[in-house]
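Shown next, in C-alpha cells, is the structure this report addresses.
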Amino acid sequence: MQLVAENLVLERGNRKVANDVSFTLEGGSGLVLTGPNGSGKSTLLRALAGYLRPASGSVRILGIGGSDGDTGESCEVGEVCHFVGHLDGIKSHLTAAENLTFWATYLSDRADSGHSVAHRVYDALEVFALNALADIPAGYMSAGQKRRLGLARLLVAHRPLWLLDEPTVSLDTGSADILVKAINRHLSDGGMAIVATHLPLAIEPARGISLVRKEAQA
Amino acid sequence: MQLVAENLVLERGNRKVANDVSFTLEGGSGLVLTGPNGSGKSTLLRALAGYLRPASGSVRILGIGGSDGDTGESCEVGEVCHFVGHLDGIKSHLTAAENLTFWATYLSDRADSGHSVAHRVYDALEVFALNALADIPAGYMSAGQKRRLGLARLLVAHRPLWLLDEPTVSLDTGSADILVKAINRHLSDGGMAIVATHLPLAIEPARGISLVRKEAQA
Amino acid sequence: MSAFLALLKRDLMLSVRQGGALGTALGFYMLVVTLLPLGLGQDLNLLSRIAPGILWIALLLAALLSLGRVFSSDHEDGTLDVLATGRMPLEMVVGAKALAHWISTGIPLALTAPVLGLMLNLDIAVYPLLMATMLVGTPAVSFIGAVGAALTLRSYRGGLLIALLVLPLYVPTLIFGMAAVNGLLGVSGTSAAMLILAALSLTSVVLCPFAAAAALRVQMQ
Amino acid sequence: MSAFLALLKRDLMLSVRQGGALGTALGFYMLVVTLLPLGLGQDLNLLSRIAPGILWIALLLAALLSLGRVFSSDHEDGTLDVLATGRMPLEMVVGAKALAHWISTGIPLALTAPVLGLMLNLDIAVYPLLMATMLVGTPAVSFIGAVGAALTLRSYRGGLLIALLVLPLYVPTLIFGMAAVNGLLGVSGTSAAMLILAALSLTSVVLCPFAAAAALRVQMQ
Amino acid sequence: MQTLTQRLANPTRFMELSGSVLPWIAGAAAVVIAYGLYLAFYVAPPDYQQGETARIMYIHVPCAWLAMAVYAMVAMSAFGFLVFRHPLADVSAKTAVPLGAAFTFLALVTGSLWGRPTWGTYWVWDARLTSVLILFFLYLGLMALRSSIEDESLASKLTAILALVGIVMLPIIKFSVDFGNTLHQPASVLRVGGPTIDTAMLTPLLVMALGFTLMFVAMHFKAMRNEILRRRVRALQLAQVEKAQASQLAAAE
Ligand code: HEM
Ligand SMILES: Nc1ncnc2c1ncn2[C@@H]1O[C@H](COP(=O)(O)OP(=O)(O)OP(=O)(O)O)[C@@H](O)[C@H]1O
Ligand SMILES: Nc1ncnc2c1ncn2[C@@H]1O[C@H](COP(=O)(O)OP(=O)(O)OP(=O)(O)O)[C@@H](O)[C@H]1O
Ligand SMILES: [Mg+2]
Ligand SMILES: [Mg+2]
C-alpha cells in the first residue's frame with residue numbers, strides 16, 4: 157500500500173500556497189507536517205482528502221482493496237481515509253455513544269465486519285477514556301473531552317489512511333499520549349498517517365515534511 | 157489592585173466542577189491554571205469573567221479606578237477584563253483591520269484616550285505580525301492566523317485583567333513566544349493575567365493552580 | 693445502504709432532539725394560518741374561498757424555512773467533511789438528508805392541513821384531495837429546497853436567501869397543486885394535475901441530489 | 693456611547709457585506725406576495741380587498757425571519773462573550789443590534805410595500821397611510837423579535853422557533869396596524885390606532901432590551 | 009488545430025476581436041432600431057381594436073423575447089463554465105444576468121403600461137405575466153447569490169449551478185399562455201405552424217427584434233470587456249499586495 161503525491165500545486169483564493177509538493181508514503185509509516193502558521197498544512201491535508209482540487213498534480217493511493225475485492229488499482233483517497241480537521245464532526249445534541257455509533261455505522265467497511273458496531277464503539281470509548289461520559293450529550297463536554305470524542309472516530313471504522321490536522325489541540329498530556337499510542341498502533345498494523353502539528357509528537361516510524369510560507373507569485 | 161476569589165463553588169448541569177476555590181492575585185502577577193481535560197479550567201475562567209454565576213462564593217476586584225475616577229471600591233470583573241476563550245470573536249466577513257478597529261472602538265476606555273484607535277490597531281497588528289494580512293477578510297486566514305487576530309484584541313484596549321483560555325492553541329512556536337512576551341509585558345506594567353493551558357508557558361511572575369477532576373457528586 | 697440508513701436515522705433523531713423540528717414547523721404553519729383572519733377580517737366566505745391557496749403557501753414557507761440549516765449545521769461542526777469521506781457519494785448524502793426532511797416535516801405538515809382547513813371554514817369534501825396533493829407534492833418541496841440549502845451553505849443570510857432562490861422553483865408545484873385541489877379542470881383535469889405533480893416530485897427526487905451535491909463540493913474546499 | 697455607535701455601525705456593515713441582507717428580505721417579501729395570486733386565483737377585487745392584510749403579514753414574516761441569527765451568529769463565533777465584557781451593559785448591546793435590524797430591514801420593507809400594493813391592485817389613496825403605519829409599527833417588530841432571537845440563542849431550530857415564540861406577540865401590532873389602514877374606525881379612529889401603534893413601538897423599544905438581555909445572560913454560561 | 013470557439017475563448021483574443029467588432033455592432037444596432045422605430049410609428053397601421061397604443065408592442069415584444077433568450081444564454085454559459093471550466097464563459101454568464109434582468113424589467117413595465125388602456129389595469133395575475141415576474145426573480149436570485157459570497161471563483165460556480173437548475177422555468181414561461189385562462193395574447197409569431205400576424209405589423213416587429221438583439225450583443229460585449237479588465241486589475245492589485253506581504257514576512261522572520 158502506498159500513497160503517492162506528485163507535483164501538487166495548491167491554490168487558495170488565486171494564491172499558491174503549496175508549490176510542487178511530492179512525496180510517497182509507504183504502508184506502516186507516518187508523515188509529520190510542520191511549518192509556521194499559514195504555511196499550508198491544513199490546505200495540503202484537505203487536498204489529500206479530496207476536498208480541494210489541486211491546481212495541478214495528483215494524489216493516488218495504490219494497492220488498496222485486497223480486503224474488499226477491488227482490483228488493487230489506485231483509488232480515491234477520500235474513500236479510504238479518516239479526516240480529523242479543526243472541527244470535530246460531533247453533534248452536541250447526541251450523546252458520546254450515539255455520536256460514535258452513528259459514525260461506526262456510517263463509515264463501516266467490509267474490513268470491519270468482524271466486530272459489531274456496539275463493540276467497536278465500546279472499544280473506542282475505552283481507548284480514549286471516555287466510557288464515563290458515554291451517555292452525556294456532547295454539548296456538555298469540555299473542549300478536550302469533545303476533541304477526544306472526535307478522535308475516537310478513528311477507531312470505530314477501519315481506514316488505511318489517517319489525515320489529522322493538529323489533533324492534540326486542547327488535549328492534556330495524558331490524552332495526547334493516548335493519541336500517539338493509537339497512531340503508532342495503526343502504523344504498526346500497516347496503516348498510514350499524516351499529521352499536521354506544531355508540537356513534537358513521538359510518532360514512529362515517521363518522516364517529517366516542513367512547509368515554508370510561500371513567496372508571492374504572479 | 158487585587159483580584160480576590162473566595163470559596164468559589166461552580167456547578168455545571170447540577171454537577172460540581174469546582175469546590176471551594178480561593179485565591180488572591182496581586183497586580184503585576186499572573187496565574188497559570190492547569191489540570192486534565194474536564195477539570196474545570198474553562199468553567200473557572202467563565203465564572204471569573206462573570207458569565208457563569210457561582211453556586212456560592214464570590215469574585216471581586218479591588219483598587220481599580222484610579223484612572224477613571226471610580227471610588228476605588230470593588231467592581232464587576234466583567235467590566236475590567238479581556239476574555240479570550242476557545243472561540244476568537246472574529247467576524248470572517250470583516251478584514252483583520254476592520255475586526256480590530258471595531259473592538260478598539262467598542263472596548264476602549266478612558267485609559268486608552270491617549271492613543272487614537274487607528275494607532276492602537278496598527279500597533280496590535282504589528283505585535284502579532286499580522287500587518288501583511290490587515291486587509292484580508294478573516295475568513296481567508298489559517299487557524300493560527302485567526303487565533304493571532306483574536307489575541308491581538310488584548311492590545312487594542314487597555315484592561316487590567318486578562319483571562320485567557322488555552323491561548324496557544326493553533327499557534328506556531330514563534331507566535332506562542334510573541335504571546336508570552338505580550339503577557340509578560342502586561343504583567344510588568346502592573347496588569348494581571350489568568351491563563352489556562354496544557355503546555356508549559358514562560359509567564360513571569362506567575363503562580364500555578366492545578367485543578368483536579370472532581371469525582372461525581374450527587 | 694447501511695450508511696444511507698444510518699444517516700437517515702441520525703437526521704430523524706436530531707430533528708426530534710433539536711427542540712422538536714416537527715413541532716416548530718407545525719407551529720409556524722398554524723400561526724401563519726391563524727394570523728390571516730386577523731389581517732383579513734373574519735368574513736367566513738372569503739376565508740373559505742382562499743383557504744386551499746393559503747394552506748399550500750403556508751406549507752411551502754414552513755417546509756422551506758425549516759430547511760435552512762440542513763447542510764450548514766453539518767458544515768459548521770465539521771460533520772459534512774466526514775460524511776464526504778467513505779464510499780457513499782455525496783449525492784446519496786443529499787438524498788438521505790432530503791428524505792429525512794420530507795419524513796420529519798413534509799408529511800406531518802400535509803397531515804395537519806385539514807385541521808387548519810377547519811379553522812378557515814374549508815369545505816370538508818375538499819380535505820382528502822388537499823391532503824393527497826400535499827403528500828404527492830411535498831417531496832418536490834424537500835428535494836428542491838435541498839438545492840437551495842446547499843447553494844447557501846456558506847452564506848450568512850441562510851433562510852431568507854434560500855427562500856429567494858427556491859420559491860420561484862416551487863411555482864410549478866404550487867400551480868399544479870392548486871389546479872388539482874380547485875378541480876377547475878373537472879375530474880379528468882384533477883387527475884392529470886395529480887399526475888403532473890407526481891412527475892414533478894419524481895423528477896426532483898432524481899435530479900436535485902446531483903445539483904445539491906455539486907454545490908456542496910465546490911464549497912467544501 | 694461610542695461603543696453603542698461602533699456596534700450599530702458594525703452590524704449595519706455586516707448586513708451589507710453578508711450578501712445583502714436587505715435585498716434578500718425584500719426579495720422574500722416580494723415573492724410571498726407573488727405566490728399569493730398563484731394560490732388564490734387572479735380575482736382582482738378579492739386581491740385588492742385582502743392586500744393590506746397580506747402586505748402586513750408578509751412584512752412581519754420577512755422581518756422576523758431575517759432576525760433569526762441576530763444573536764446566534766455572534767454567539768457561535770465568541771463575539772457575544774466579548775461584547776458582554778466592558779462597561780456597556782448587555783441591554784444596550786441588544787438595543788444597538790435591534791436598532792440596526794430596524795434600519796437595515798424594517799425601514800426598507802415598509803418603503804417597498806407600495807410597489808407590491810400596485811401589483812395587488814390596492815387603491816393608491818391608501819399608500820401613504822399604509823407606509824406610515826408600517827414605519828411606526830416596525831420598531832416593535834424588530835425589538836420584540838430581538839427577544840425571540842435571544843430566547844432561541846442556542847436552539848438549532850433558529851428561524852422557525854423564533855417565529856413560533858414571537859408571532860403571537862405581534863398580534864397587537866398587526867391588529868392596530870390593520871385598524872389604522874382600514875380606516876374602519878373613521879378618521880379619528882385612524883389617528884387613535886396610529887397613536888396606539890406608536891405606543892406599542894415605544895414600549896417595546898424600552899422594555900424588550902431588558903427581556904432579551906436577561907435571556908442572553910442565562911444562556912452564556 | 010484549435011476550433012473557432014477555442015480561439016475566441018482565449019480572453020486576449022476575445023479582447024482584440026470584440027474590440028474591433030464592437031463599434032460595428034453598436035452602429036448596426038442603432039441603425040436597425042432607428043429604422044424599426046420609423047417603420048413602427050410611420051409605416052405600420054394602427055391596430056383596428058387598440059389603435060395607437062398597440063405600437064408599444066414593438067418595444068414590448070422584443071424585450072419579452074430577449075428576457076427569455078438571455079436566460080437561455082446565461083444557462084449555456086453556465087454549462088460551458090462548469091464543464092469546460094473556461095473563465096470567459098463565467099464572464100459571459102455574470103455580465104448577461106443584469107442585462108437579462110433589465111430586459112425582463114422592461115417587458116414588465118411596457119406590458120403594464122400597455123395593460124392599463126387595453127385591460128383596464130396595470131397588472132393581472134395570469135400565468136404569462138406571473139411567469140415573467142418569476143423569471144425576473146430568478147435573475148434577482150442569481151445576482152443575490154453571487155453577491156452573497158465573497159470568494160469570486162466559488163460564487164461563479166454556485167451561480168452557474170443555480171442558472172442550470174433555473175432553466176426548467178423557461179418552457180413554463182414560454183407555454184404558460186397555453187394552459188389556464190389568460191388575458192394575454194397567445195404566441196402569434198414564435199409558434200408551431202408559422203406566424204399568424206399580419207405582415208404589415210410583422211415586419212417592423214422583426215426589425216425591432218433584430219435591433220434589440222444587436223443592442224444586447226453590443227452591451228454584452230462591452231460589459232464582458234469591462235469585467236475582463238476589472239479582473240486583470242484585481243489580479244495585479246493582489247499580486248502587489250502579495251509582494252508587499254512576502255517582503256514584510258521575510259523581514260519579520
Ligand atoms: C406586464 C405585462 C406583460 C408581460 C410580462 C408580457 C409578457 C410577454 C411575453 C413573455 C411575450 C413573448 C411571448 C412569446 O414569444 O411566446 C409577450 C408577447 C406579446 N405580448 Fe405581452 N406581456 C404583458 C402585457 C401585454 C399586454 C397588456 C399586451 C396587449 C394587450 C401584450 C401583448 C403582447 C403581444 C401582442 C405579444 C406578441 C405575441 C406574439 O406574437 O408572439 N402583452 N408578452
Ligand atoms: N455546558 C455544560 N453543561 C454541563 N456540563 C458541562 C458544560 N460544559 C462543561 N461541562 C462539564 O464541566 C466539566 C468541566 O469542563 P471545563 O470545560 O471547565 O473543563 P476544562 O478544564 O476547560 O477542560 P479542557 O482542558 O478539556 O478544556 C466537564 O466535566 C464538562 O463535562
Ligand atoms: N478559504 C481560504 N481562502 C483564501 N485563502 C485561504 C483560505 N484558507 C486559507 N487561506 C490562506 O492559505 C494559506 C494557508 O492556510 P492553511 O490553513 O493551509 O495554513 P496552516 O499551515 O494550516 O496554518 P495554521 O498552522 O495556522 O493552521 C494562509 O495564508 C491562508 O491565509
Ligand atoms: Mg491549519
Ligand atoms: Mg477548556
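Quick mapping for you: the protein sequence lines, in order, are chains A, B, C, D and E.
The first sequence lines up with residues 157 to 374 when you count with our numbering.
The second sequence lines up with residues 157 to 374 when you count with our numbering.
The third sequence lines up with residues 693 to 913 when you count with our numbering.
The fourth sequence lines up with residues 693 to 913 when you count with our numbering.
The fifth sequence lines up with residues 9 to 261 when you count with our numbering.
All C-beta atoms in this analysis are idealised placements derived from N, C-alpha and C, irrespective of residue type, glycine included.
Model, not experiment: these values are computed from the prediction.
Span separating the alpha-carbon of G194 (chain A) from that of A698 (chain D): 30 Å
DSSP state of I365 (chain A), grouped into three classes? strand
Within 7 Å of chain D by C-beta, residues of the segment 346 to 359 of chain B in sequence order: none
Excluding the five sequence neighbours on either side, which residues of its own chain have a C-beta within less than 7 Å of the C-beta of L335 (chain B), listed in chain order? L307, P323, T324, L327
Under the rule that 16 or more other beta-carbon atoms within 10 Å means buried, what is L736 (chain C), buried or exposed? exposed
According to DSSP, is H249 (chain A) helix, strand or coil? coil
Should L208 (chain B) be flagged as near chain D, meaning a C-beta pair shorter than 9 Å? yes
Is the distance from the Cβ of V82 (chain E) to the Cβ of A110 (chain E) below 9 Å? no
CA-CA distance, Q301 (chain B) and L310 (chain B)? 15 Å
Is the segment 188 to 205 of chain A touching the segment 351 to 365 of chain A, taking contact as three or more C-beta pairs under 8 Å? yes
Need the endpoints of the alpha helix (DSSP H) that H793 (chain D) sits in, please. 782 to 793
In the DSSP assignment, find the unbroken alpha helix (DSSP H) run with N737 (chain D) in it and report its ends. 736 to 759
Could you please give me the residues that DSSP links to I359 (chain B) through a beta bridge? Paired residues: none, contrary to the question.
So the candidates are C:L775, C:L856, C:F835, C:L845; which of them puts its Cα closest to the Cα of I795 (chain C)? C:F835
Distance between V785 (chain D) and R779 (chain D) (C-alpha atoms, nearest Å): 11 Å
Here's a check: name, in chain order, each residue in its chain whose Cβ is nearer than 7 Å to the Cβ of I365 (chain A), leaving out the five neighbours to either side. F179, L187, L189
Taking a cut of 9 Å between CB atoms, which residues from the segment 771 to 787 of chain D lie near chain B? T771, L772, D773, V774, L775, A776, T777, G778, R779, M780
Does the CB of L90 (chain E) have a neighbour CB from chain C at under 9 Å? yes
With a cut-off of 8 Å on the beta carbons, I'd call L857 (chain D) and L908 (chain D) a contact; round off their distance for me. The pair is not a contact, with the Cβ atoms about 15 Å apart (cut-off 8 Å).
Would you mind telling me which residues of chain E sit closer than 9 Å to G719 (chain D), beta carbon to beta carbon, in chain order? F145, L148, G149, A152
If you measure beta-carbon to beta-carbon, which residues of the segment 158 to 178 of chain A are closer than 8 Å to chain E? G169, N170, R171
Taking 8 Å as the cut-off, is the C-beta of N340 (chain A) nearer than that to any heavy atom in ligand 3? no
Interface residues of the segment 694 to 713 of chain D facing chain B [CB-CB below 7 Å]: S694, A695, A698, L699, R702, L706, R709, Q710
Let's see if you can read the secondary structure: which residues bound the beta strand (DSSP E) around W318 (chain B)? 317 to 321
Counting only C-beta atoms, is E322 (chain A) closer than 9 Å to chain C at any point? no
Would you list the one or two residues that DSSP bridges to K172 (chain B)? B:E167
Say the cut is 8 Å; is the CB of E322 (chain B) nearer than that to a heavy atom of ligand 4? no
For L250 (chain B), which residues from the same chain have a beta carbon less than 6 Å from its beta carbon, with the 5 sequence-adjacent residues on both sides left out? none
Using the Cα positions of A376 (chain B) and Y296 (chain A), report the straight-line distance between them to the nearest angstrom. Summary: the structure shown does not reach residue 376 (chain B), with chain B confined to residues 157 through 374, and so no result is reported for it.
P293 (chain B) by DSSP, collapsed to three states: which one? strand
Taking the C-alpha atoms as reference points, what is the distance between R276 (chain B) and V312 (chain B)? 5 Å
On the CB-based measure, 16 or more other CB atoms within 10 Å of its CB, does Y46 (chain E) come out buried or exposed? exposed
In chain D, which residues lie less than 8 Å from A274 (chain B) when you measure between Cβ atoms? None at all; the shortest Cβ gap to chain D is about 14 Å.
Alpha carbon of D226 (chain A) to alpha carbon of I217 (chain A), nearest angstrom: Here the model assigns D226 (chain A) a pLDDT of 48, short of 50, so the residue's position is not dependable, and the following value carries that caveat. Going by the C-alpha atoms only, they are around 13 Å apart.
Pair every Cβ in the segment 136 to 156 of chain E with every Cβ in the segment 883 to 898 of chain C, then say whether three or more of these pairs are closer than 8 Å. no
Spatial distance of P831 (chain D) from V839 (chain D) (CA atoms): 13 Å
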